[in-house]
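Data first, discussion second: the structure below is written as structure tokens.
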Amino acid sequence: MLTTQYSPWLILLCLAVGAGYAALQYSAKAPWSKNLNYALAALRFVVISFLCYLLLAPFIKTTTTRTEQPTVVLAVDNSQSVELFTPKAVLSQATTGLAGLAETLRGKGFTVETRTLTPTPGRPARLDSLRFGAATTDIDRLLTGTREDYNDRNLAGVVLLSDGLVNQGRSPSYSDYNFPIYSVAVGDTVPKRDLRLTGLTYNRVAFSGNKFPLEAELGFEGYAGSTATVELREGTRVLDTRRVALPAGRRRVKTNFQITAPAPGKRRYEVRVVPQPGEFTELNNARTAFIEIVKGKLRVLLAGAAPHPDLKALRAAIVANDNFDLTLALPGVAPLRADADFDVAILHQLPAQGGLGNEILAQVKAKRTPALYVIGAQSDLGAYNQLGTGLTIQARGSQTDEVTPLPNPAFARFATDEESTRRYASYPPGAVPFGDYRLGAGAEAALWQQVGRVATQKPLLVFGGPAERRQGTLLTDGSWQWRLSEAVEHDDKPEAYDRLVIRTLQLLTQNANKKRLDVYPTQESFGTQDDVTLGAETYNAVFERLYNQKIDLTLTDEKKQVRRFSFANAEDGSPLRLGPLPTGLYRYQALATLGGQPQQDAGELLVQSQPLEALESRADHNLLAQLSRRSGSRLYYPAQFDKLAEDILKANYKPVITAEEELKDLINLKWIFFVILAFLTVEWAVRKYSGSV
């Protein structure tokens with residue numbers, strides 16, 4: 006449609022201007038015929054009228070109508086557990102039924118697309134090439150990805166083929182999907198006869214000569230009333246054996262091993278359930294523990310400016326761990342001996358106002374001991390800012406904020422588990438100085454401050470300082486309330502608080518990095534599906550950080566096969582990515598030239614087999630039924646694909662018709678210019694040929 010921004014009555018004015026101009030031009034007697042004169046006048050009338058019309062800013066409005074057929078997505082859980090625990094006949098029936106459903110729906114005008122847990126980049130999954138090989142199951146990610154990708158499309162619903170077993174990501178029960186979910190249940194709800202190790206709990210650091218526990222959780226189906234043999238191995242050597250009773254009425258039991266830590270170094274232990282006759286699979290019978298043995302107990306100095314409830318809470322957390330020896334020092338109450346020796350110090354409100362406890366602070370400085378500073382009302386912040394901890398505090402008067410701890414997900418030196426995060430959220434608030442905080446180079450926040458329900462980027466627990474002397478800062482002297490409230494709420498087991506204190510001390514007492522090249526795994530162990538990553542730090546002769554240094558790495562597995570890599574340590578801290586590796590213990594050697602001098606580092610990394618898909622054989626059809634019921638649908642089985650197709654068609658999903666309008670200014674059409682030019686050229690040529698210009 007052609008229209009303008011102005012009144013259509015102005016078109017008459019354009020015609021009048023064109024007619025007037027043509028009359029003025031061709032009213033005089035011409036040397037050519039009258040008919041030619043009328044034709045030239047008409048040509049001039051058209052050109053001038055159209056040029057005047059262009060001044061009215063005319064535009065063309067076009068409407069494009071598009072019809073989108075309803076889309077049904079076939080979301081297939083192609084995890085290993087589906088193929089492992091679903092009878093072959095049932096699985097074949099399910100895949101054949103999916104193909105038949107897709108053909109039926111396409112015949113009724115539907116668009117049918119397929120998605121899996123492991124989509125092939127660049128092209129959609131094909132039903133005739135499904136492979137059930139995914140090592141983990143994240144149904145929420147599968148459904149959420151579908152919701153995001155089809156947000157602006159005519160999505161009729163999702164047919165979810167799954168056994169309902171989830172071992173990664175969030176449970177789909179807690180997500181809200183805005184489309185119908187037609188669940189098709191596979192797997193087997195009848196438990197298989199199976200023994201499996203469902204968990205292995207241990208401290209990742211132990212001290213040479215001390216005994217440390219290793220707790221194994223054993224799951225079982227079909228063996229109630231009998232016993233199982235559990236072995237503790239190091240390499241091919243069996244260190245210990247347990248006969249574990251499998252009582253009726255239960256599905257899981259635990260057993261403990263006590264190991265005497267050998268000489269310092271990294272040790273790998275395997276806990277294995279000896280297979281029994283009739284066992285469905287042995288894939289889940291073993292798990293590996295990777296433990297670093299360090300020398301002796303850590304000596305901890307706990308010093309404060311004055312008696313305080315924090316000191317009691319910190320002391321209780323430390324003495325509960327057999328790997329620490331504790332010395333308590335208070336000015337005027339329990340003076341610190343001049344010959345006292347310690348590996349790490351906790352300095353509560355030191356440096357203090359008025360110089361209280363300066364002799365303790367001086368002794369810690371003289372020994373260049375790693376220290377955790379706890380900031381409180383008596384702290385001298387001016388003196389603290391001179392310590393070079395990696396944090397500068399500019400307080401605004403004596404005001405404070407009331408905060409609770411919030412883990413920083415980007416902090417990789419130690420991990421915070423979900424249970425600890427939940428417990429942190431229920432802690433009573435502690436007072437921190439109100440003001441500005443500035444992190445120095447190399448400093449990292451392990452905990453942020455959360456004010457009420459507002460998460461902030463202000464640090465609460467910070468690690469920094471020079472590489473040869475790590476230092477930490479806790480910005481509240483109210484943490485004693487955290488331990489007390491946690492003990493009340495969790496049967497006198499303040500595990501999250503104690504774990505935070507112990508991990509902080511372990512991090513501070515890691516061997517001071519006096520190497521100019523330091524290459525290290527970014528986590529203690531990796532799974533076979535993980536992207537194995539190594540971090541790297543390089544320093545000059547005075548231990549200032551260097552970046553973009555070329556590092557050559559040699560990785561050797563247990564079969565002496567060698568892989569070589571070359572990379573540079575970027576300023577953004579991005580690690581070297583080795584990709585997924587087979588299970589095993591790998592040794593690496595790194596070489597670099599720093600300041601013209603060759604440097605090297607070596608270490609180990611462990612890749613563990615994590616057979617998540619084999620840990621649970623009993624399908625969870627209740628989860629699938631719940632998902633369908635919440636979305637207004639129901640649960641189906643592989644023999645009910647005809648009923649499923651009938652119900653989808655009965656829902657009467659309609660195509661969506663969309664209309665899109667496009668406005669285009671007439672003056673922007675290039676061909677208009679050439680038409681006008683052609684008209685004027687014809688007029689000029691005829692006049693020239695007929696004897697006039």
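Going from the sequence shown to the numbering used here is simple: count from 1 and add 5. The beta carbon of each residue, even a glycine, is placed where N, CA and C say it ideally should be.
Arginine 201 sits in a strand when the DSSP states are folded into three classes.
Residue state for alanine 345 is assigned as coil, using DSSP reduced to three classes. In this structure serine 38 is exposed. Its beta-carbon is surrounded by fewer than 16 other beta-carbon atoms within 10 angstroms. Note on geometry: alpha-carbon atoms of glycine 359 and proline 314 lie some 21 Å from one another. Going by C-alpha positions, glycine 589 is about 16 Å away from arginine 277.
Tryptophan 453 has Leu411 and Pro464 as its beta-bridge partners, per DSSP. Secondary structure note for isoleucine 323: it is in no beta strand (DSSP E), and the uninterrupted alpha helix (DSSP H) holding it is 314-324. DSSP places asparagine 261 in the strand class (E or B) of the three-state scheme.
Asparagine 328 counts as buried, since no fewer than 16 other beta carbons sit within 10 angstroms of its beta carbon. In the three-state DSSP reduction, histidine 495 falls in the coil class, being neither helix nor strand. Per the coordinates, the alpha-carbon of phenylalanine 137 lies some 32 Å from the alpha-carbon of glycine 240. Residue burial is scored here from C-beta neighbours: phenylalanine 531 has at least 16 other C-beta atoms within 10 angstroms and is therefore classed as buried. Here threonine 142 is near aspartate 82, since their CB atoms are less than 8 Å apart.
A straight-line Cα-Cα distance of about 6 Å links threonine 116 and valine 77. With fewer than 16 other beta carbons inside 10 angstroms of its own, glycine 445 counts as exposed. In this structure, DSSP gives leucine 611 an extended state, which the three-state scheme calls strand. If the five residues before and after glycine 435 are omitted, its C-beta is found closer than 8 Å to the C-beta atoms of Glu407, Val408, Thr409, Thr481, Asp482, Gly483, Ser484, Gln486 and Trp487, all from its own chain and listed in chain order. Going by beta carbons, valine 87 and glycine 192 fall inside the 8 Å limit.
Contact between alanine 308 and isoleucine 264 is absent: CB atoms are separated by about 34 Å, not below the 8 Å threshold. Straight across, the Cα-Cα distance linking tyrosine 31 with leucine 7 is about 31 Å. The three-state reading of DSSP puts isoleucine 144 in helix, counting H, G and I together. Assigned with DSSP and collapsed to three states, glutamate 287 falls in coil, not helix or strand. If you draw a straight line from the Cα of valine 459 to the Cα of alanine 400, it comes to about 21 Å.
Here proline 269 has Ser213, Ile298, Val299 and Lys300 as same chain residues with Cβ atoms under 7 Å from its own Cβ, once five neighbours each way along the sequence are excluded. In the DSSP assignment, glutamate 651 falls within the unbroken alpha helix (DSSP H) covering 646-655. Looking only at Leu79, Leu59 and Ser97, the smallest Cα-Cα distance to isoleucine 677 is reached by Leu59. Each residue's CA atom was taken as its position, placing alanine 683 and glycine 23 some 18 Å apart. Proline 280 sits away from asparagine 289, with the two beta carbons spaced by 8 Å or more. In this structure, the alpha-carbon of isoleucine 380 lies about 21 Å from that of alanine 371. Restricting attention to Thr533, Val537 and Arg521, the CA atom closest to the CA of threonine 527 is found in Val537. The beta carbon of alanine 294 sits closer than 8 Å to those of Leu205, Tyr207, Leu219, Arg273, Tyr274, Glu275 and Val276, all from its chain and outside the five residues before and after it, given in chain order.
In this structure, leucine 122 sits near alanine 139, with a CB-CB distance shorter than 8 Å. Between the stretch 553-573 and the stretch 581-598 there are three or more inter-stretch CB-CB distances shorter than 8 Å, so the stretches are counted as touching. For serine 638, the three-state secondary structure derived from DSSP is coil. Separation of tyrosine 642 and threonine 100 (C-alpha to C-alpha, rounded to the nearest whole angstrom) is 12 Å. When the alpha-carbon of asparagine 553 is set against those of Ala624, Ala575 and Tyr694, the nearest one is in Ala575.
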